[in-house]
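Worksheet: one structure, shown below.
Residue numbers (my numbering): 17 to 123.
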């Protein structure tokens with residue numbers, strides 16, 4: 017892993033589950049890429065003691081943060097504070113690619 021990373025080199029798909037790739041792992045934060053094909057779901061879950069955000073790189077999806085559900089498209093940031101349940105479904109016709117950061121870093 018270097019200091020300059022092109023996320024597109026790590027994009028991919030898996031028919032049975034969300035494609036995930038770690039782009040960078042430091043002592044205090046992990047930066048990853050999640051790719052969801054149309055209709056794929058990242059189930060609602062939570063991280064105790066770890067804040068997380070999604071930056072939508074391409075595509076669109078419906079995000080759940082606690083009890084709120086909203087659509088987000090390319091260019092938007094979705095924040096999931098520590099301990100708050102969150103998840104996403106790709107509601108579009110194209111791949112949904114998300115830059116994901118979680119801190120403190122999850123190993």
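For glycine and all other residues, C-beta sits at the position ideal for the given N, C-alpha and C.
Using 9 Å as the threshold, is the C-beta distance between residue 28 and residue 57 below it?
Position 12 of the chain shown, counting from 1, holds the residue named residue 28. Position 41 of the chain shown, counting from 1, holds the residue named residue 57. Their beta carbons are not under 9 Å apart, which means residue 28 does not touch residue 57 by this criterion.
Find out if the Cβ-Cβ distance for the pair residue 69, residue 37 is shorter than 9 Å.
By 1-based counting over the chain shown, the position of residue 69 is 53. By 1-based counting over the chain shown, the position of residue 37 is 21. No, these two residues do not count as a Cβ contact at 9 Å.
For the beta strand (DSSP E) holding residue 100, just list the boundary residues, first then last.
For the purposes of this step, residue 100 is taken as residue 84 along the chain shown, with counting starting at 1. First-last for residue 100: undefined, no H or E at that position.
Under the three-state reduction of DSSP, which class applies to residue 19: helix, strand or coil?
Reading the chain shown from its first residue, position 3 is the one you call residue 19. Here residue 19 sits in coil by DSSP.
How is residue 35 classed by DSSP in three states: helix, strand or coil?
In the chain shown, counting from the first residue as 1, residue 35 sits at position 19. Note: residue 35 maps to strand in three-state DSSP.
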